[in-house]
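J.: Residue numbers (our numbering): 1063 to 1235.
The C-beta atom is built at its ideal place from N, Cα and C for all residues, glycine as well.
Please read all numbers here as calculations on a predicted model, not as lab measurements.
One structure follows; several queries about it will come next.
Written out as structure tokens, the structure is:
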């Protein structure tokens, strides 16, 4: 559950930060929408593939890999903005990679809950997962707005890296 709160928070920090930065860099609502397209396209194309992988491998190992890949993606975005490389053409492929992580996370996390929880408590566990998802959506979106107003893209993506790093550490522990 705790890794879910961290992961969903990271997801919303990325969504808000990227949307704002794309709008700030280009002034184009269409390109903001295109950033969302690149984020969800992997779910459409690779969702079944990640579901099959989740059936064959340990789900915790998948979550560790997802957090590690997310950490690398966030560090790449943070570094690009620290170096003044502010290009949406760098951002979009990285966002697609993060979208792959979301597709894989959805498959692995849902199956993991049913695998580790006793059947009589499964409904409560799924409700708690939903609560963590929606709670993170509210708090992380607000936090991302504060980060963007204080430190721009670099701070937003640094927070994203911290969240993925914390989630990775939690899962490894």
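Between the region 1154-1162 and the region 1127-1136, can you find at least three pairs of beta-carbon atoms closer than 8 Å?
T.: A contact exists between the region 1127-1136 and the region 1154-1162.
J.: Could you tell me how far apart the beta carbons of residue 1219 and residue 1136 are, in whole angstroms, since I believe they sit closer than 8 Å?
T.: That pair is a contact at about 5 Å.
J.: For residue 1210, I'd like the list of residues in its chain whose CB is within less than 7 Å of its CB, leaving aside the five on either flank, ordered along the chain.
T.: The answer, listed in chain order, is 1079, 1082 and 1218.
J.: Could you say which of 1189, 1200, 1233 and 1144 lies nearest to residue 1073 if we only look at CA atoms?
T.: Among 1189, 1200, 1233 and 1144, the Cα nearest to that of residue 1073 is on 1200.
J.: Looking at the structure shown, is residue 1151 part of a helix, part of a strand, or coil, going by DSSP?
T.: In the structure shown, residue 1151 sits in a helix (DSSP, three-state: H, G or I).
J.: For residue 1188 and residue 1235, what's the separation of their Cα atoms in angstroms?
T.: Taking the straight line from one Cα to the other gives about 23 Å.
J.: Would you give the residue range spanned by the alpha helix (DSSP H) that residue 1095 belongs to?
T.: Looking at the DSSP string, the run of the alpha helix (DSSP H) that includes residue 1095 is 1091-1118.
J.: Report the residue from 1120, 1215 and 1171 whose alpha carbon sits nearest the alpha carbon of residue 1138.
T.: Of the listed residues, the one whose Cα sits closest to residue 1138 is 1215.
J.: Distance, Cα to Cα, residue 1182 vs residue 1066?
T.: C-alpha separation (whole angstroms): 21 Å.
J.: Find out if the Cβ-Cβ distance for the pair residue 1176, residue 1116 is shorter than 8 Å.
T.: Not in contact: residue 1176 and residue 1116 (Cβ atoms no closer than 8 Å).
J.: Could you check which residue in 1171, 1143 and 1197 has the C-alpha nearest to that of residue 1112?
T.: Comparing Cα positions, the closest option is 1171.
J.: So, helix, strand or coil for residue 1063, using DSSP?
T.: DSSP places residue 1063 in coil when its eight states are reduced to three.
J.: Alpha helix (DSSP H) containing residue 1191: first to last residue?
T.: Per DSSP, residue 1191 belongs to the alpha helix (DSSP H) from 1184-1234.
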